[in-house]
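Accompanying notes for the structure given below.
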Amino acid sequence: MSVILKAPAWKEVTVRCLCAAWRPLWPECVLQRDFEGFEELEEEAVVHEIVSLGNSMGLEVDDDDVEELVEEHSKELSTEELLELHKEEN
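Per the working numbering, the sequence shown starts with residue 1, numbered consecutively.
Rendered as structure tokens:
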């Protein structure tokens, strides 16, 4: 029964996560790549990774939540909103 429950969890583990976990323990087994620039990630993959990270921290997050947050923060702030933020910081 426990194997059945763990199988879906393994599908959520990313290569980045595995490399980060193994690098301190056995650096020779982790592929070392020369930096060739940032790879372009599809928006859907990024959203899914954010959701996966949130869920691993015990947060109840789904794709719609992440997309809504990105949408809210992609709008330009008005002058009044910028002034209000500046006042709050001081």
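Glycine included, each C-beta is placed from N, C-alpha and C at the ideal position.
- How many Å lie between Leu-31 and Val-13 at the Cα? Translated into the one-based positions of the sequence shown, residue 31 becomes position 31. Translated into the one-based positions of the sequence shown, residue 13 becomes position 13. Approximately 17 Å, taken between the alpha carbons.
- Task: In the DSSP assignment, find the unbroken alpha helix (DSSP H) run with Asn-92 in it and report its ends.
- Result: The displayed coordinates of the chain run from 1 to 90. Any statement about residue 92 would go beyond what the structure contains.
- Indicate whether Val-61 and Val-51 have their beta-carbon atoms separated by less than 7 Å. Mapped onto the sequence shown, residue 61 falls at position 61. Mapped onto the sequence shown, residue 51 falls at position 51. In contact: Val-61 and Val-51 (Cβ atoms closer than 7 Å).
- Item | Extent of the continuous alpha helix (DSSP H) to which Cys-17 belongs | Translated into the one-based positions of the sequence shown, residue 17 becomes position 17. Per DSSP, Cys-17 belongs to the alpha helix (DSSP H) from 15-22.
- Item | Chain-order list of residues whose beta-carbon lies under 7 Å from that of Glu-84 (same chain, five-residue window excluded) | The count along the sequence shown starts at 1 and reaches residue 84 at position 84. Here the set comprises nothing.
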